[in-house]
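Just so you know, the protein sequences line up as chains A and B, in that order. The first sequence begins at -17 in the working numbering and counts up by one. The second sequence begins at -17 in the working numbering and counts up by one. Heads up: the structure comes next, in structure tokens.
2 protein chains.
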Amino acid sequence: MIQFSLAQTDGAARLGRLETAHGPVDTPAFMPVGTQGSVKSLRQQDVRDVGASIILGNTYHLFLRPGDELIARRGGLHRFIGWSGPILTDSGGFQVFSLADRCTLTEEGADFQSHLDGARHMLTPERAVDIQARLGSDIAMVLDECLAYPATHEAARTSMERSVRWARRCRERLLALRAGDVDGVTVSNPGQGQFGIVQGGVFQDLRQASAEATVEIGFEGYAIGGLSVGEPPALMYELVEGTAPSLPVNQPRYVMGVGTPTDLVECVARGIDMFDCVMPTRNARNGQLFTSQGRLNIRNARFGEDDRPLDPACGCYTCRHHSRAYLRHLYMAGEMTAATLNTLHNLTFYLDTMKRIRDAIAFRTFDKFRQEFMLTASRLAPDA
Amino acid sequence: MIQFSLAQTDGAARLGRLETAHGPVDTPAFMPVGTQGSVKSLRQQDVRDVGASIILGNTYHLFLRPGDELIARRGGLHRFIGWSGPILTDSGGFQVFSLADRCTLTEEGADFQSHLDGARHMLTPERAVDIQARLGSDIAMVLDECLAYPATHEAARTSMERSVRWARRCRERLLALRAGDVDGVTVSNPGQGQFGIVQGGVFQDLRQASAEATVEIGFEGYAIGGLSVGEPPALMYELVEGTAPSLPVNQPRYVMGVGTPTDLVECVARGIDMFDCVMPTRNARNGQLFTSQGRLNIRNARFGEDDRPLDPACGCYTCRHHSRAYLRHLYMAGEMTAATLNTLHNLTFYLDTMKRIRDAIAFRTFDKFRQEFMLTASRLAPDA
Chain A
-17 MIQFSLAQTD
-7 GAARLGRLET
3 AHGPVDTPAF
13 MPVGTQGSVK
23 SLRQQDVRDV
33 GASIILGNTY
43 HLFLRPGDEL
53 IARRGGLHRF
63 IGWSGPILTD
73 SGGFQVFSLA
83 DRCTLTEEGA
93 DFQSHLDGAR
103 HMLTPERAVD
113 IQARLGSDIA
123 MVLDECLAYP
133 ATHEAARTSM
143 ERSVRWARRC
153 RERLLALRAG
163 DVDGVTVSNP
173 GQGQFGIVQG
183 GVFQDLRQAS
193 AEATVEIGFE
203 GYAIGGLSVG
213 EPPALMYELV
223 EGTAPSLPVN
233 QPRYVMGVGT
243 PTDLVECVAR
253 GIDMFDCVMP
263 TRNARNGQLF
273 TSQGRLNIRN
283 ARFGEDDRPL
293 DPACGCYTCR
303 HHSRAYLRHL
313 YMAGEMTAAT
323 LNTLHNLTFY
333 LDTMKRIRDA
343 IAFRTFDKFR
353 QEFMLTASRL
363 APDA
Chain B
-17 MIQFSLAQTD
-7 GAARLGRLET
3 AHGPVDTPAF
13 MPVGTQGSVK
23 SLRQQDVRDV
33 GASIILGNTY
43 HLFLRPGDEL
53 IARRGGLHRF
63 IGWSGPILTD
73 SGGFQVFSLA
83 DRCTLTEEGA
93 DFQSHLDGAR
103 HMLTPERAVD
113 IQARLGSDIA
123 MVLDECLAYP
133 ATHEAARTSM
143 ERSVRWARRC
153 RERLLALRAG
163 DVDGVTVSNP
173 GQGQFGIVQG
183 GVFQDLRQAS
193 AEATVEIGFE
203 GYAIGGLSVG
213 EPPALMYELV
223 EGTAPSLPVN
233 QPRYVMGVGT
243 PTDLVECVAR
253 GIDMFDCVMP
263 TRNARNGQLF
273 TSQGRLNIRN
283 ARFGEDDRPL
293 DPACGCYTCR
303 HHSRAYLRHL
313 YMAGEMTAAT
323 LNTLHNLTFY
333 LDTMKRIRDA
343 IAFRTFDKFR
353 QEFMLTASRL
363 APDA
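Here it is, written out as structure tokens:
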């Protein structure tokens, strides 16, 4: 089972450690997204080398291909993909709502068609738990309803209440699995923990109610979901700030799908411990790179004869070996190596940022770090 | 300047060493193809790790993008791409004939349109030398005319004779560059050597005449070009066997664009020292993998639940870390990491094969090695 301990706080910012069956995670932590069993364009060794201790796998994709039962027969997701560290899996719900075809929602669950072959499937709270049990992730997420933005208070309340009922069904299913009361489901990782998810749209009262109901069910950790869906960053920070204090102090807090480097720092400042986002990896593949001096896009013609590294302050493989001129050439030439080199750099930037955040909290200098960070990394690079 | 020394022979097979301004190359050697400044899907460190000591760059691609003058301003190709070992560049001719649009050939050279933007360019023997001087490769190739297969004796003779005239112009241009008699061309690597190319289609008498004329011009090494263009392997081996003895014993011999693992062994058996081919890298991206037990295609459904490594006899990153089941999943899911892992494996197989060839020659057991190799690696894997 997973265990969380707080080592230090600095204001609302928290330094902690999450122990899992596959090793520890120092928090605040960023989880690179390995949708289909690989962080796109990287090897697992690369993911370790850039400093990631935990990765995220997408249940929707893995369920459809190669299938959770096949993965269970391989001994679970860790063994199948050759990643021996901790893994968190989402519930699959977000992709069912956003990626699948013809999704129909009922109290029972979500009926949808695979975006790959059109096959009909039903994702219920129980099934989301079973699939993740077969995958054997270290942290499983409950199935929640993903609310479109913007939504009325009424729609947000109705959706949030259903998410709470689904969360209860997810917890009951996991407890039944743990008790050995379910036939036909291989539990690949008996040490798997489960996180509840706070919903409620942009309404603080609903977030509050969701947090209380979710905590009452009782999980090994709590996520704040439904953020970074189009609302202004200031509103997101406000919602995080309002919600975090309602979550248990001694359990991990995870903001799902967030965010920019600034978002990470601002959410840590409001008491968040865990993050995941496709931004560093997806942006890398599009040529947008994060540096200590701000963002730049390597497609820009001005980099064509720029012999400097992407970021002189960065120690990643890419910055140690290659110039902006070469990286621009590889990108413009459509070489796959461009994606690899850019992804190595962006993930290093994200994970270095988390390391600096942890160090700042340890030395109780987080506020100073936060102010300096805002002046540099959260802008366009001066020469970009 | 490059220097070649023979250490040992075993029958016609030769063990040697090529010294270049960027380090030594033990021969027989295989050169991975890094068309646009990267071996597709790999980092330069990977290319070193799989055991490559020399790589090939394509002059046509680098001339068009990012341009040989830009590369010269970066200090040459080695510095631009971050590869400190030896590099061989082709003349650009093969791609002008096969890839460019509307190629028109005259005695002066080849007039063509870029396949990227339609811009008109003229590739003459002199220009092919100048471009490669700016790139600063360790070995530059002369511009030759690439004959279509099949061709009549008459067509092959006419083409071969033009190639000899072009070879003479290439040599004169290089000597002028070395003497400092050419303005406007930055020589990025004063130690660059130049190889002539024997042509003559499938006709032994023409190959013989071409070899004599090319050797008479005098180069630092000699290639046999125009092979592996559709002729049966047995005919290719026969042409290599007929041509190699006409080339100087104390200079390196390179068969261009060859080939399968079997081709490498058979050409070494006929006195060849150097090879390049896209086969290990391109096939990897298509899921076709070379193993000590033969070829297999990872797309095959039977690998879906196969927990074994690709090749139990292989020590590459892929075979040490991952199962066939995972590799099949990555391939079917379209993950870029599939290309990387498959390319690492196939290049390791090719470069390990060269190492085993060199060891066999050193111990004068090459014939035994060759017989055993034919029984295993040059077939479909028994369970593939």
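Note that beta-carbon positions come from the ideal geometry of N, C-alpha and C, so glycine has one too. Since the structure is predicted, the reported quantities are computational estimates derived from the model, not experimental observations.
Member of the options whose CA lies at the smallest distance from the CA of residue i
| i | options | result |
| --- | --- | --- |
| residue 300(A) | -12(B), 284(B), 315(B) and 25(B) | 25(B) |
| residue 260(A) | 217(A), 131(A) and 268(A) | 268(A) |
| residue 6(B) | 33(B), 215(B) and 249(B) | 33(B) |
| residue 182(A) | 159(A), 218(A) and 153(A) | 218(A) |
| residue 241(B) | 17(B), 211(B) and 232(B) | 211(B) |
| residue 132(B) | 141(B), 124(B), 83(B) and 125(B) | 141(B) |
| residue 250(B) | 31(B), 335(B), 180(B) and 107(B) | 335(B) |
| residue 257(B) | 139(B), 13(B) and 100(B) | 13(B) |
| residue 134(B) | 184(B), 209(B) and 239(B) | 184(B) |
| residue 347(A) | 304(A), 247(A), 275(A) and 363(A) | 247(A) |
| residue 29(A) | 3(A), 356(A), 214(A) and 331(A) | 331(A) |
| residue 127(B) | 303(B), 208(B) and 176(B) | 208(B) |
| residue 339(B) | 319(B), 89(B), 254(B) and 162(B) | 254(B) |
| residue 222(A) | 170(A), 187(A) and 201(A) | 187(A) |
| residue 43(B) | 316(A), 167(A), 105(A) and 245(A) | 316(A) |
| residue 233(A) | 239(A), 201(A), 11(A) and 264(A) | 201(A) |
| residue 337(A) | -10(A), 3(A) and 11(A) | 11(A) |
| residue 284(A) | 274(A), 107(A) and 305(A) | 305(A) |
| residue 82(B) | 74(B), 89(B) and 88(B) | 74(B) |
| residue 156(B) | 46(B), -17(B) and 191(B) | -17(B) |
| residue 189(B) | 102(B), 129(B) and 97(B) | 129(B) |
| residue 237(B) | 123(B), 53(B) and 171(B) | 123(B) |
| residue 67(A) | 125(A), 341(A) and 37(A) | 37(A) |
Rounded Cβ spacing between residue i and residue j (contact assumed at less than 8 Å)
| i | j | result |
| --- | --- | --- |
| residue -1(A) | residue -13(A) | 5 Å |
| residue 262(B) | residue 329(B) | 5 Å |
| residue 313(A) | residue 277(A) | The Cβ separation is near 15 Å, so there is no contact. |
| residue 178(B) | residue 149(B) | 5 Å |
| residue 71(A) | residue 27(A) | Contact flag wrong, Cβ pair sits at about 22 Å. |
Pairwise C-alpha distance: residue j and residue i
| i | j | result |
| --- | --- | --- |
| residue 272(B) | residue 321(B) | 14 Å |
| residue 229(A) | residue 290(B) | 45 Å |
| residue 41(B) | residue -6(A) | 58 Å |
| residue 196(B) | residue 203(B) | 10 Å |
| residue 16(B) | residue 294(A) | 27 Å |
| residue -8(A) | residue 351(A) | 12 Å |
| residue 216(B) | residue 311(A) | 41 Å |
| residue 409(A) | residue 326(B) | Missing from the structure shown is residue 409(A); chain A here goes from -17 to 366 and no further. |
| residue 76(A) | residue 152(A) | 16 Å |
| residue 166(A) | residue 213(B) | 58 Å |
| residue 303(A) | residue 143(A) | 53 Å |
Residue span of the beta strand (DSSP E) that contains residue i, given as start and end
| i | result |
| --- | --- |
| residue 94(A) | 92 to 95 |
| residue 336(A) | It is not in any beta strand (DSSP E) - residue 336(A) instead sits in the alpha helix (DSSP H) that spans 318 to 344. |
| residue 85(A) | 83 to 87 |
| residue 139(B) | Run containing residue 139(B): none in the beta strand (DSSP E); it sits in the alpha helix (DSSP H), 135 to 160. |
| residue 250(B) | Element bounds for residue 250(B): not the beta strand (DSSP E) but the alpha helix (DSSP H), 243 to 250. |
| residue -13(B) | -15 to -8 |
Element boundaries [alpha helix (DSSP H), containing residue i]
| i | result |
| --- | --- |
| residue 199(A) | 186 to 199 |
| residue 103(B) | From DSSP, residue 103(B) is part of no alpha helix (DSSP H) but of the beta strand (DSSP E) over 102 to 105. |
| residue 265(B) | 261 to 267 |
| residue 215(A) | 215 to 225 |
| residue 289(A) | Premise fails: residue 289(A) is in no alpha helix (DSSP H) and is neither H nor E. |
| residue 51(A) | 50 to 55 |
| residue 299(A) | 299 to 303 |
Chain C residues whose Cβ lies nearer than 8 Å to that of residue i
| i | result |
| --- | --- |
| residue 246(B) | Annotation note: the requested chain C is absent from the structure, which comprises protein chains A and B. |
For the stretch 36 to 48 of chain A, which residues have a beta carbon sitting closer than 8 Å to at least one beta carbon of chain B? 43, 47 and 48
Within 8 Å of chain B by C-beta, residues of the stretch 272 to 287 of chain A in sequence order: 286 and 287
Output, in sequence order along the chain, the residues in the stretch 113 to 135 of chain A whose CB is closer than 8 Å to any CB in chain B. none
Using a Cβ cut-off of 9 Å, which residues of the stretch 303 to 319 of chain A contact any Cβ in chain B, in chain order? 303, 304, 305, 307, 308, 310, 311, 312, 314, 315, 316, 317, 318 and 319
Give me the subset of the stretch 60 to 91 of chain B whose CB atoms are less than 7 Å from a CB atom of chain A, sorted by chain position. 62, 63 and 64
Which residues of the stretch -7 to 25 of chain A have a Cβ closer than 9 Å to any Cβ of chain B? Give them in chain order. 17, 18, 19, 20, 21, 22, 23, 24 and 25
Closer than 8 Å, Cβ to Cβ, to anything on chain A: give me those residues from the stretch 322 to 345 of chain B, in chain order. 322 and 323
Check each residue of the stretch 135 to 161 of chain B: if its Cβ is closer than 8 Å to any Cβ of chain A, include it; give the result in chain order. none
Within 7 Å of chain B by C-beta, residues of the stretch 94 to 114 of chain A in sequence order: none
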